[in-house]
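Student:
There are 2 protein chains.
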Amino acid sequence: MDQTICPKFEKALSIMNKRWTSLIVFQLLEGPQRFCEIESAIGVSGRVLSERLKDLEKEDIVTRTVYDETPVRIVYTLTDKGQSLKPALNQIQAWADEWVEAD
Amino acid sequence: MDQTICPKFEKALSIMNKRWTSLIVFQLLEGPQRFCEIESAIGVSGRVLSERLKDLEKEDIVTRTVYDETPVRIVYTLTDKGQSLKPALNQIQAWADEWVEAD
DNA sequence: TATGTTACTTACTTTATGTAACTAACTATA
DNA sequence: TATAGTTAGTTACATAAAGTAAGTAACATA
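This is how it looks when you write it as structure tokens:
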């Protein structure tokens, strides 16, 4: 393909529409969390979580902070750019509440 | 995993977060369109478009109408459930406009 | 008869994800 | 001192999903 609908929109989807990404951000909207907390809260595998967190850092949606304790504690936090995804995720939540039936 | 954030939200993401799905719905918000129009507008392959449209029909987000002309004309239309995704996609668009830079 | 049309499907390749074992760098316990 | 336990990953391998390109049905036109 060549003509694009809207490059920014497509870029946004190419980030957020990857499997697990929205759920990771949604989870971090609850507050900063460490690797294993996210992993067990949403059920993503460590392999993919690691990959996604790197992508999200690269996109400046998430920040990684290392606390040099024992064992090491690493905390992931949403940036302003990440926080500002809240209205979009809330809209999806609202749609789900109105239209989706749980399996 | 077992404990789930919100079953409806996760169900919504399992539909909308599949590759191409949001873009297909976004495209159909412009109005009813036929297979080849969607295909060339967003650049999805026929194989996957066919698969997604079946999923979207099954979820009652899209309706398939056959016009028995020559060659056959088949038109895909958003249902009310599909139309009601507009606010969510608009929020993503708004986020993209504010935060995303086109490549 | 050969070509063109749309809306797919099929076979095959490449990419993404899941699973489970492994590692680094330390501490606690026996 | 050896053994086991911690977190935050990584690695290797298997399976699932997506991309690519050719093929098909059902007709019409040249």
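Protein chains in written order, with UniProt numbering: chain S, 1 to 103; chain Y, 1 to 103. Glycine residues also receive a C-beta, built at the ideal position from the N, C-alpha and C atoms.
Hey, out of Arg47(S), Pro32(S), Ala94(S), Met16(S), whose CA is closest to Arg64(S)'s CA?
Tutor: Residue Pro32(S) is the option with its Cα nearest to Arg64(S).
Student: Is Thr21(Y) helix, strand or coil when you go by DSSP?
Tutor: Helix, per DSSP.
Student: Can you find a C-beta in chain Y that's less than 7 Å from the C-beta of Val100(S)?
Tutor: Chain Y, which has a Cβ nearer than 7 Å to the Cβ of Val100(S), makes this yes.
Student: Gln93(Y) CB to nearest chain S CB: under 7 Å?
Tutor: Chain S contact via Cβ: present.
Student: Return the chain-ordered ranges of every alpha helix (DSSP H) run that is complete within the segment 9-75 of chain S and spans a minimum of 4 residues.
Tutor: For the segment 9-75 of chain S, whole alpha helix (DSSP H) runs of length 4 or above, ordered along the chain, are 21-28, 35-42, 46-58.
Student: At least one CB of chain Y closer than 7 Å to the CB of Leu28(S): is that the case?
Tutor: With 7 Å as the cut-off, Leu28(S) does not count as an interface residue toward chain Y.
Student: Straight-line CA distance for Trp95(S) to Glu69(S)?
Tutor: Distance between the alpha carbons of Trp95(S) and Glu69(S): 42 Å.
Student: So what does DSSP say about Leu78(Y), is it helix, strand or coil?
Tutor: Of the three classes helix, strand and coil, the one that applies to Leu78(Y) here is strand, per DSSP.
Student: According to the Cβ coordinates, are Trp99(S) and Arg52(S) closer than 7 Å?
Tutor: No, the Cβ-Cβ distance between Trp99(S) and Arg52(S) is not below 7 Å.
Student: Which chain S residues sit within Cβ distance under 9 Å of Leu49(Y)?
Tutor: Those do not exist, as Leu49(Y) stays about 12 Å from chain S at its closest Cβ, beyond 9 Å.
Student: Is Gln27(S) near Pro87(Y), with beta carbons less than 7 Å apart?
Tutor: The answer is no: Cβ separation not under 7 Å.
Student: Please list, in chain order, the chain Y residues whose beta carbon lies closer than 7 Å to that of residue 115(S).
Tutor: Outside the modelled stretch of chain S, which goes from 1 to 103, sits residue 115(S), for which no answer is possible.
Student: Distance cutoff 7 Å, beta carbons only. Does Phe9(S) sit that close to anything in chain Y?
Tutor: Yes, its Cβ sits closer than 7 Å to a Cβ of chain Y.
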